[in-house]
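As they're listed, the protein sequences go chains A and B.
Counting from 21, one number per residue, gives the positions in the first sequence under this note's numbering.
Counting from 81, one number per residue, gives the positions in the second sequence under this note's numbering.
Notes follow once the structure below has been shown.
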Amino acid sequence: MISKEFAMDVVKAALHKGASDADVIIRDGDEFSVTVRMGEVETIKNVAAKKLGLRVFSGRRSAITSTANLVWTSVEALISETLALAKITSEDPVSGLPGAEEFSAGVEDVGIFHADVQALTLEARIDMARRVEKAALSVDPRILNSEGGEFSNSVGTLVLANSRGFAGEYRGTSASIVAVPIASENGSMQRDYWFSVKRSAAALESPELVGRKAAERALRRLGARSVKTQAVPVVFDSSMAASLIGTLCDAVCGSAIFRKSSFLVDKLGETIASRGVSIVDDGRLPGGLGSRPFDGEGLPSRVTPVIENGVLVNYLLDTYSAKKLSLQSTGNAARGVSTPPSVGPSNFYLKAGPYRPEEIIRSVSRGLYLTEMIGFGVNTVNGDFSQGAVGLWIENGELAFPVEEITIAGNLLDMFKNIEMIGNDLEFRSAIAAPTLKIAEMVISGQ
Amino acid sequence: MNAKADTFFENQYGITPRDIERLLEIGLTRGGEFAELYLEFRENDNLFLEESIIKNATKSVTQGIGLRVISGEKTGFACSDDLTFARMAEAAKAASFIASHGQSSRPAAASPPLPNPRDLYPIDEPILNAEMAAKLQLIQEADGVARACDPRIKEVRVSLANESKIILVANSEGTYVVDVQPLSRLNVNCIARDNGNQQVGTHGGGGRVAMDFFREHPPEYYARQAARQAILQLEATEAPAGQMEVVMASGWPGVLLHEAIGHGLEADFNRKGFSAYSGRMGERVAADVCTVVDDGTIPYRRGSLNVDDEGTPTHRTVLIENGVLCGYMFDRLSARLMGAHSTGNGRREDFASVPIPRMTNTFLLAGSADPEEILRSVKRGLYVVSLSGGQVDITNGKFVFSTSEAYLIENGKVTKPVRGATLVGNGPDVLTKVTMVGHDLNLDEGIGTCGKDGQSVPVGVGTPTIKISEMTVGGTQS
């Protein structure tokens, strides 16, 4: 039932009932996860769900509905309901589907489906969860407890068809393992985690490696303390660098730009970061966690340079925001089943620099090596940045002691302009990735 | 609650009490001790205004069943969005595999649901089913008012999100309940701009309410608040950095309790021994002026429920009494393994999620201090009126929250507004530093959503005005 043909039939029926344009998205997915805690299976979860999303246009008005009920009579009723709903919205002069000429004929293979994920037996999956936790628990006697080890995998199909002649379908898989050990010493506890997530089971890092790293991360936090309020260099480890790049990603999305709710409004062509900073969005990265052959509107994935040597060269755009800004879509429409397309990244990353992470740490006489941020203190409208922070204090180029209960603050524009060093350790652990980086100075608030 | 809801799944999908019994039986065939099913039918609609036009209207219908089987500490879970008996039975079988030995046991007979003992959201019609024209009027009114507040208000976005959910929970111990849960929220977001300086203001409210709620709390109110906050931020200075006295205003700043205390007292973390509060029952964890409760029984509130998602009636649970830790929030599993009773805190995002202990409405009870007097007692500090969010690491107790409206207090007077600051602290420590508690307890206006294990659920928070003798404020001005 879930096929391009079915989706095209729905589009046809919508036109037949009076829609001027329509598109249909169907997502069908299976997710599995198993958690092992203290050596025992704790939870086994199987989730299967499919959903159809329908968008209809009645001239410049549009509405969206979604349902899990794909019986044809129900779908027909849904079409009528959606058309009625469109009538209550306003004429929006820039609304509409992409032009027929913007779609490409074939669907490119971006390497995101691997049959080995589904081929794993239940025993093998449980074993991975068991091994990753066991590896974490056996690193050190101070790892006495654990939130568990988990293996999870998913397989999903996405079908998209519209009244401009596009119909496409792709499948994707993923597999992941994670360990969350708890270290304790002198009556205080620290929890940390580490994980591996890939498109194929064979590409996963070994559970032993992941478990060990999770334990080391928890152990190095023991005895953490606050430091005095001061301004110092901050080294973002690769995960935190990716998180920082993610905030920039929010600010270059066309939706934030046309709403003028971004600190990067009107900055195209300007230097907004230090010279070493080059950022790319690549929807075709083979096997990438953010890769897909086409975006949420059916436009082909592509490579979009966002920042080149510190200069902002492109925003990320879907059709709507592109029209608003008199630009062309960059194939960055993100699409939920029950929500209108919005702008989102594919694989969004900061290109690697020349430095080994150890060299970057060594360049700091006194500062913070940032390993975790918590809170919601990032304002991409004005660039204000203030987050709870956890990390290791750097003294004379060496990691000296763990710190917590501090904040780091600055303004995103200043922070990007003050990126002094970029590491050579770029690794795609998520769809947004970055190597280790150093910001010349930020305010740390503590005691 | 009406008779129509009681038979909804039978009328709509042909699922009879006998089918439910059979599904629970299938769940127990491999020797599980407890089987449960959760049927959900949910409708959502969402209206969104931007640039003074109705840009989007969306509607969605979600249906599904989640089946859970428990064997000792193990949980097997499977779900299906196809409500035919064959597919539901497949899911029940998949869930049953968690138990691998022992005899199959029989569930208690599924008798048709008893009427709920109370109705905390006695409304005739959820806003979801209200006239579209009336809904559109709400968001258009908010837009007009916000734009008229000040010429520096340049962008206004208004959304109205409505939900109506019917759940049926049945388990092998004889629980069989149905609840119809309405939920609505209106939100206004303003951007103010002046000479390249641009700032945001947000305000909203709602609950498990009908249209009359927005007559008593008109959109105009939320619009004015959002516009006021955005304009105020234009004039705000950068936040200070360092340790200082902090006064939290009454209402939404109760997020502090939710993060600093609430999560750490959810029973799952304590059963497994990795909450900063593990093993501290009966100990002093707050100043004696502090009594904290979680109360899911307050009518019409966003965090309230007649029954939780395991069919247990919600309670008012005292978590901290006069500074002493005295209660955890339990779901069924944690309660069973810890020899306690569920407190009606077993919640789940939807049919595809496993229930876990969650908060409902969590707040600090009123004290006796005059709020004005609390402010007057501060020499140099921060007055926090609104927050944009918070987060906690429950293992080490460290929490943070970010301010969206805050002011400096200088010599007992509220002076300059300051821009987004982050406050950090330690849960088991921060309430010991509460030195004054106001008499002005307020709950938030119905906007909270809490995330845990990837599941979002609506919650409420509240606090009277309180003074904390020392917290770390993370700004840029040393």
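Every residue gets a Cβ at the ideal spot worked out from N, C-alpha and C, and that includes glycine.
Helix, strand or coil: which one does DSSP assign to residue i?
{"i": "B:N515", "result": "Note on identity: in this sequence residue 515 of chain B is Thr, with Asn being the wrong assignment. Of the three classes helix, strand and coil, the one that applies to B:T515 here is strand, per DSSP."}
{"i": "B:D223", "result": "helix"}
{"i": "A:A429", "result": "strand"}
{"i": "A:V175", "result": "strand"}
{"i": "B:R167", "result": "helix"}
{"i": "B:M81", "result": "Confidence in B:M81 is poor, its pLDDT being 46 and thus under 50, which makes the residue's placement unreliable; the coordinate value appears in the next sentence. In this structure, B:M81 counts as coil in the three-state DSSP scheme."}
{"i": "A:V230", "result": "helix"}
{"i": "A:K344", "result": "helix"}
{"i": "B:V421", "result": "One point to set straight first is that residue 421 of chain B is His, not Val, in the sequence displayed. B:H421: coil per DSSP, three-state reduction."}
{"i": "B:I134", "result": "strand"}
{"i": "A:F52", "result": "strand"}
{"i": "B:H283", "result": "strand"}
{"i": "A:L370", "result": "strand"}
{"i": "A:T339", "result": "helix"}
{"i": "B:G334", "result": "helix"}
{"i": "A:V152", "result": "helix"}
{"i": "B:E90", "result": "helix"}
{"i": "A:P201", "result": "strand"}
{"i": "A:F421", "result": "strand"}
{"i": "A:R295", "result": "coil"}
Residue i: which of the options sits nearest, CA to CA?
{"i": "A:F26", "options": "A:A68, A:D286, A:E62, A:V91", "result": "A:V91"}
{"i": "B:E120", "options": "B:L104, B:I95, B:E113, B:L216", "result": "B:I95"}
{"i": "B:P333", "options": "B:D375, B:M361, B:F481", "result": "B:F481"}
{"i": "A:S263", "options": "A:R145, A:E379, A:L390", "result": "A:L390"}
{"i": "B:E123", "options": "A:A68, A:N89, A:F77", "result": "A:N89"}
{"i": "B:L399", "options": "B:G383, B:L337, B:A432, B:R460", "result": "B:L337"}
{"i": "A:P253", "options": "A:M435, A:G59, A:D48, A:I452", "result": "A:M435"}
{"i": "A:L388", "options": "A:K343, A:I459, A:I327", "result": "A:I459"}
Determine the burial state of residue i: buried for a count of at least 16 other Cβ atoms within 10 Å of its Cβ, exposed for fewer.
{"i": "B:G156", "result": "buried"}
{"i": "B:D161", "result": "buried"}
{"i": "B:D368", "result": "exposed"}
{"i": "A:R207", "result": "Per the sequence presented here, residue 207 of chain A reads as Gly, with Arg not at that position. By the neighbour-count rule (16 or more Cβ atoms within 10 Å), A:G207 is not buried but exposed."}
{"i": "B:E116", "result": "buried"}
{"i": "B:N491", "result": "exposed"}
{"i": "A:G274", "result": "buried"}
{"i": "B:T394", "result": "buried"}
{"i": "B:T495", "result": "exposed"}
{"i": "B:H519", "result": "exposed"}
So that I know if they touch, is there some Cβ in chain B lying closer than 8 Å to that of residue i?
{"i": "A:S406", "result": "yes"}
{"i": "A:A139", "result": "no"}
{"i": "A:S281", "result": "yes"}
{"i": "A:Q210", "result": "yes"}
{"i": "A:A68", "result": "yes"}
{"i": "A:S86", "result": "yes"}
{"i": "A:K343", "result": "no"}
{"i": "A:L105", "result": "yes"}
{"i": "A:V401", "result": "yes"}
{"i": "A:T63", "result": "yes"}
{"i": "A:A78", "result": "In the sequence as displayed, the identity of residue 78 of chain A is Ser instead of Ala. A:S78 does not count as touching chain B."}
Using 8 Å as the limit for Cβ to Cβ distance, is residue i near chain A?
{"i": "B:A486", "result": "no"}
{"i": "B:I271", "result": "yes"}
{"i": "B:R186", "result": "no"}
{"i": "B:V458", "result": "no"}
{"i": "B:M212", "result": "yes"}
{"i": "B:M81", "result": "Note that B:M81 scores a pLDDT of 46, beneath 50, so its modelled location is shaky; the value from the coordinates is reported in the next line. False, the Cβ-Cβ gap to chain A never drops below 8 Å."}
{"i": "B:T64", "result": "Since the first residue of chain B shown is 81 and the last is 558, residue 64 of chain B is not available in this structure."}
So, at 6 Å on beta carbons, what are the nonlocal neighbours of residue i in its own chain, with the 5 sequence-adjacent residues on each side left out?
{"i": "A:F52", "result": "N66, N173"}
{"i": "A:D41", "result": "F77, L117, S183"}
{"i": "B:R237", "result": "E130, N269"}
{"i": "B:K234", "result": "I271, R273"}
{"i": "B:K547", "result": "V327, I454, T515, M516"}
Kindly list the residues whose CB is nearer than 8 Å to the CB of residue i, restricted to its own chain and excluding five residues on each side of it in sequence; keep chain order.
{"i": "B:G353", "result": "G359"}
{"i": "B:C406", "result": "M361, G362, V398, L399, I400"}
Near residue i, what residues of its chain come up, given a Cβ to Cβ distance below 7 Å and the 5 sequence neighbours on each side ignored?
{"i": "A:S282", "result": "A271, A276, T400, V401"}
{"i": "B:D204", "result": "A290"}
Please tell me whether, using a cut-off of 7 Å, the distance from the CB of residue i to the nearest non-hydrogen atom of the ligand MG is below it.
{"i": "A:N399", "result": "Of the ligands one can find in the structure shown there are none, so the ligand MG has no counterpart to examine."}
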